[in-house]
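FYI, the numbering for the sequence shown is 43 to 267, going by this note's numbering.
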Amino acid sequence: MSKKQNYVIIGMGAFGREIATVLKEQKADVIVIDENKDTIAELNQEGFYHAVSLDATELSALKRFVSPDDTVIVAMGESFESNILIVAHLKKIGVKKIYSRATKKVYADILKSMDVVQTLFPEQYAGRKFALELMYDSVKFISEYMQGLYISEVTAPKHYWGRTIVDLNVRKSFNLNIVALKEKFENGDEEIYPLGFENTPLKKEHTLILFGKENDITAFAKQAE
């Protein structure tokens with residue numbers, strides 16, 4: 043089951059908008075914030091009922107809509123100084139799960155020193171991919187192989203441990219193909235088994251490498267939580 047929590051996205055450019063759209067598609071509770079009133083009006087028309095126009099660099103304004111338990115994504119890219127100030131304000135509010143966009147490595151290093159969970163480079167990290175990984179702890183990687191079809195790494199669910207791929211018949215249940223099995227060892231090394239893994243009993247250290255449609259992968263991820 044997906045995590046029940048609020049997501050706040052600050053900055054509704056193309057990157058922030060893509061993240062917000064995916065979270066809304068996944069039925070998450072999303073608050074979107076942007077200083078541009080026209081942008082907020084458009085988002086309201088698109089079904090974002092918690093869309094707020096405010097200056098996120100003002101601490102008093104942020105406090106009205108952000109709580110410590112929220113997951114906050116600072117998706118603004120025009121002004122790094124604004125990003126830094128917003129992250130500092132979020133820290134004062136007590137938010138622990140902060141993700142922030144960065145456009146240069148030096149900016150990412152500064153944000154990491156402020157203990158953000160992750161820095162995001164939009165040119166390297168598609169908003170859709172990030173949003174799906176954010177929603178589901180078990181999804182470790184998702185990438186579009188071709189239009190509409192994805193390759194994803196999903197941690198073996200606890201209720202699958204001790205069972206084999208043959209037993210589970212994921213292809214029938216979720217319309218997904220398990221194309222490989224990854225195992226992580228105590229020393230941190232990993233090994234991928236592309237063949238002959240079908241009768242291997244699954245365990246905590248296993249990750250399933252899946253191939254299929256996005257909605258089938260997310261359906262699998264929901265029951266894996």
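Backbone N, C-alpha and C fix where the C-beta goes; we use that ideal spot for every residue, glycine too.
In DSSP terms, what residue i is bridged to
i, result
"F183", "E195"
"R143", "L162"
"Y285", "Residue 285 falls outside the range modelled here, since the chain spans only 43 to 267, and no answer is possible."
"D71", "N48"
"S95", "D76"
For residue i, the three-state DSSP class (helix, strand or coil)
i, result
"N48", "strand"
"S121", "coil"
"M43", "At M43 the pLDDT is 40, less than 50, meaning the model places this residue with poor confidence and gives no usable figure here."
"F57", "helix"
"E267", "coil"
"I259", "helix"
Short Cβ contact (7 Å threshold) for residue i with residue j
i, j, result
"F253", "N219", "yes"
"T197", "T249", "yes"
"V72", "Y49", "yes"
"M156", "V129", "yes"
"I251", "E195", "yes"
"I82", "S95", "yes"
"T145", "L153", "no"
"E256", "Y192", "yes"
"M177", "Q47", "no"
"L244", "Y235", "no"
"S124", "E267", "no"
"Y141", "F122", "no"
When the options are compared against residue i, the one with the closest alpha-carbon
i, options, result
"M118", "F163, F239, K105, H201", "F163"
"G58", "P110, K139, H131, A173", "A173"
"T206", "K79, K246, K105, I82", "K246"
"A56", "A168, Q265, A266, D179", "A168"
"D111", "K139, D97, N125", "K139"
"A107", "L176, E123, D76", "The amino acid at residue 107 is misidentified as Ala; the sequence shows Phe. Checked all of L176, E123, D76; the closest Cα to F107 is D76."
"E100", "D80, F90, N86, I126", "I126"
"I51", "E267, Q87, E88, L104", "L104"
"N241", "A93, Y91, R170, Y202", "Y202"
"H131", "D97, T63, S180", "D97"
"I115", "E88, I61, D151, A150", "I61"
"M54", "D231, A93, E233, K171", "A93"
"K214", "E186, D258, L237", "D258"
Continuous beta strand (DSSP E) stretch holding residue i: start and end
i, result
"F253", "248-255"
"S215", "No beta strand (DSSP E) holds S215; the alpha helix (DSSP H) holding it covers 212-216."
"V116", "113-116"
Boundaries of the alpha helix (DSSP H) in which residue i is found, first to last residue
i, result
"D157", "No alpha helix (DSSP H) contains D157, which DSSP labels as neither H nor E."
"R170", "169-177"
"L244", "Run containing L244: none; DSSP gives neither H nor E here."
"S102", "101-105"
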